[in-house]
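Peer 1: Going by my numbering, the letters in the sequence shown line up with residues 1 to 198, in that order.
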Amino acid sequence: MGQVWRDWGDVLLATLVAVPVTVLLTALLARRRRDAPTREEAWWRSAAEIGMVAGTLPWVWMILTPRDAPGEVKLVPLVDIVDLADDGASTFVVQVVGNLLVFAALGFLAPVRAAALAGVGRLFLLGAAGSVLVESLQYALDLGRVTSVDDVLLNASGAALAGLLSRRWWAGRRPAPQPPVTVPATSRAETVADQSSR
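Below, the structure is given as structure tokens:
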């Protein structure tokens, strides 16, 4: 526990301090919201928006914290996970669970807020996009961290799994596909005739 506090104490402390701030921001946003049809919907939308940010930023902060180690790049899937398993069960569990939680808040709340994201596949892609961005930053900023395709897979899976946990709040909210607009043949002929008479 001492090592965890030394490594992440500032992040954990900032997260604890941020809890009342996020509640206050949610309340302020809900009060000022004009795009929601009801007061309850305003609270749901505000809580989802603030929750996505507040639940994701601490993890991204941890991931982008520099380490005094040489950076590595692992682009072959599952190699990094196998290496973690060789390091011991506790290291494996901490790393896998931590990577699953990085975009969990985003996956849980995004489809509640935006019907266009309602779908496990869409949430997987959203988590993967966020993870690719973070992993690319780790590499580009030379933070002494491992840039791994396995992290992307775990982060994306975490977003999708968290989305399944909130499914009861967004199932059925996916926007209905819009049928293509077709113009009857007679209308087309009339339009062409109208344009040629001008």
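C-beta atoms are modelled at their ideal positions from N, C-alpha and C, and glycine is treated no differently.
(1) Just the Cα atoms here: how many angstroms apart are Ser136 and Leu100?
(2) Tell me the rounded alpha-carbon separation between Ala128 and Val96.
(3) Kindly indicate which three-state DSSP category Thr91 falls into: helix, strand or coil?
(4) Could you tell me the alpha carbon to alpha carbon distance between Val79 and Ala85, rounded to whole angstroms?
(5) How far does the beta strand (DSSP E) with Thr147 in it reach, from first residue to last?
(6) Closest by CA to Trp44, which one among Trp59, Met62, Val23, Thr91?
(7) Grouping DSSP H, G and I as helix and E and B as strand, with all else coil, what is Val73?
(8) Are Ser166 and Val120 close, meaning C-beta to C-beta below 8 Å?
(9) Hey, how far is the Cα of Lys74 from the Cα of Arg33?
(10) Hey, Ala47 and Thr15: beta-carbon distance below 8 Å or not?
(11) For Ala116, does the count of other Cβ atoms within 10 angstroms reach 16, so buried, or fall short, so exposed?
Peer 2: So, from the listed chains and residues:
(1) To locate residue 136, count along the sequence shown from 1; it is residue 136. To locate residue 100, count along the sequence shown from 1; it is residue 100. Looking at the two C-alpha atoms, the distance is approximately 18 Å.
(2) On the sequence shown, position 128 is the one that residue 128 refers to. On the sequence shown, position 96 is the one that residue 96 refers to. About 15 Å.
(3) In the sequence shown, the residue the question calls residue 91 occupies position 91. Helix at Thr91.
(4) Here residue 79 is taken as the residue at index 79 of the sequence shown, counted from 1. Here residue 85 is taken as the residue at index 85 of the sequence shown, counted from 1. C-alpha separation (whole angstroms): 10 Å.
(5) Locating residue 147 in the sequence shown gives position 147, counting from the first residue. Run containing Thr147: 146 to 148, per the beta strand (DSSP E) assignment.
(6) Position 44 of the sequence shown, counting from 1, holds the residue named residue 44. Comparing Cα-Cα distances from Trp44 to each of Trp59, Met62, Val23, Thr91, the minimum goes to Val23.
(7) The residue given as residue 73 occupies position 73 in the sequence shown. If DSSP states are grouped into helix, strand and coil, Val73 belongs with the strands.
(8) What you label residue 166 is simply residue 166 of the sequence shown in a count that begins at 1. What you label residue 120 is simply residue 120 of the sequence shown in a count that begins at 1. Going by C-beta atoms, Ser166 is not nearer than 8 Å to Val120.
(9) Taking the sequence shown and counting its residues from 1, one reaches residue 74 at position 74. Taking the sequence shown and counting its residues from 1, one reaches residue 33 at position 33. So the two alpha carbons sit approximately 45 Å from each other.
(10) Within the sequence shown, the letter at position 47 stands for residue 47. Within the sequence shown, the letter at position 15 stands for residue 15. Not a contact, by the Cβ cut-off of 8 Å.
(11) Within the sequence shown, residue 116 is the residue found at index 116, counting from 1. With fewer than 16 Cβ atoms within 10 Å of its Cβ, Ala116 is classed as exposed.
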